[in-house]
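*Asks:* In the UniProt record's numbering, the protein residues as written are 1 to 190.
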């Protein structure tokens, strides 16, 4: 009986380790490919394609003046969330400054959970690229926008609809490859 054919179960068990190693290799490859996305940790915003949440916020340089979301409608704008306490905001600041100097789009600052004097001092030190700086001292408006960190940036069209969101510091590459094509779409639709 030594010439008996091997049982199918024994044959399958012999290949099981190789199948497991191959499956792990495929998962590893997929993980590496996904990790190449610099914005991979960003949560997709459910607000894309929807009206921007309404707000009424004080202006940093004019604390008695309140600006509403309706006042910003009529032309597209870039809403940039920042704080003097945010190290990544310092990294993106020169990029935003260069972009704001092109005057292609209004860049509105959204100073989040910051001390008034600290925010003013930060802009004095690094420059003010913003058309307007709104302040959300207690962070309540940020909740409506789904903001969970700084920096974050939103592109809002002239009708007040959010068209794009980026989490993390803006770079020249992000502006060229992501922001400007979205802005071109908005400009074509006008």
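All residues carry an ideal CB built from backbone N, CA and C; glycine is no exception.
1) For residue 26, is the classification buried or exposed, using 16 other Cβ atoms within 10 angstroms of its Cβ as the cut-off for buried?
2) Based on DSSP bridge pairs, tell me the residues matched to residue 111.
3) What are the boundary residues of the alpha helix (DSSP H) that includes residue 90?
4) Quick check on DSSP: helix, strand or coil for residue 14?
5) Assuming residue 132 contacts residue 67 (C-beta within less than 8 Å), just tell me the rounded distance between them.
6) Taking DSSP as the reference, what is the three-state secondary structure of residue 126?
7) Using a threshold of 8 Å, state whether the C-beta atoms of residue 170 and residue 59 are closer than that.
8) Report the rounded CA-to-CA distance for residue 42 versus residue 147, giving the unit in angstroms.
9) To the nearest whole angstrom, what separates the beta carbons of residue 183 and residue 76, a pair I think is in contact under 8 Å?
10) Strictly by DSSP, which residues pair up with residue 154?
11) From the DSSP output, read off the bridge partner residues of residue 57.
12) If you draw a straight line from the C-alpha of residue 54 to the C-alpha of residue 70, how long is it?
13) Judging by CA-CA distance, which residue of 173, 109 and 78 is the nearest neighbour of residue 123?
14) For residue 19 and residue 168, what's the separation of their Cα atoms in angstroms?
15) With respect to the alpha helix (DSSP H) encompassing residue 188, which residues constitute its N-terminal and C-terminal limits?
*Replies:* The answer reads as follows:
1) Translated into positions along the chain shown, residue 26 becomes position 26. So residue 26 counts as exposed.
2) For the purposes of this step, residue 111 is identified with residue 111 of the chain shown, where counting begins at 1. DSSP lists 82 and 135 as partners of residue 111.
3) Indexing the chain shown from 1 puts residue 90 at position 90. Start and end: 87-101.
4) In the chain shown, counting from the first residue as 1, residue 14 sits at position 14. It is helical.
5) Taking the chain shown and counting its residues from 1, the one referred to as residue 132 is at position 132. Taking the chain shown and counting its residues from 1, the one referred to as residue 67 is at position 67. Going by Cβ atoms, the distance from residue 132 to residue 67 rounds to 7 Å, so yes, they are a contact pair.
6) Counting from 1 along the chain shown, the entry for residue 126 is found at position 126. Three-state result, residue 126: helix.
7) As a position in the chain shown, residue 170 is number 170, starting the count at 1. As a position in the chain shown, residue 59 is number 59, starting the count at 1. Cβ atoms of residue 170 and residue 59: not closer than 8 Å.
8) Translated into positions along the chain shown, residue 42 becomes position 42. Translated into positions along the chain shown, residue 147 becomes position 147. Below a pLDDT of 50, predicted positions are generally treated as unreliable, and residue 42, at 48, falls in that range; no measurement from the model is reported.
9) What you label residue 183 is simply residue 183 of the chain shown in a count that begins at 1. What you label residue 76 is simply residue 76 of the chain shown in a count that begins at 1. Going by Cβ atoms, the distance from residue 183 to residue 76 rounds to 7 Å, so yes, they are a contact pair.
10) Counting from one through the chain shown, the residue named residue 154 turns up at place 154. Answer by DSSP bridge pairing, in chain order: 79 and 165.
11) The sequence position of residue 57 within the chain shown is 57, counting from 1. DSSP lists 67 as partners of residue 57.
12) Position 54 of the chain shown holds residue 54. Position 70 of the chain shown holds residue 70. Computed Cα separation, rounded: 8 Å.
13) Reading the chain shown from its first residue, position 123 is the one you call residue 123. It is 109 whose Cα lies nearest to the Cα of residue 123.
14) Mapped onto the chain shown, residue 19 falls at position 19. Mapped onto the chain shown, residue 168 falls at position 168. Here the alpha carbon of residue 19 sits roughly 39 Å from the alpha carbon of residue 168.
15) One-based indexing of the chain shown puts residue 188 at position 188. It spans 180-189 - the alpha helix (DSSP H) in which residue 188 sits, taken as one unbroken run.
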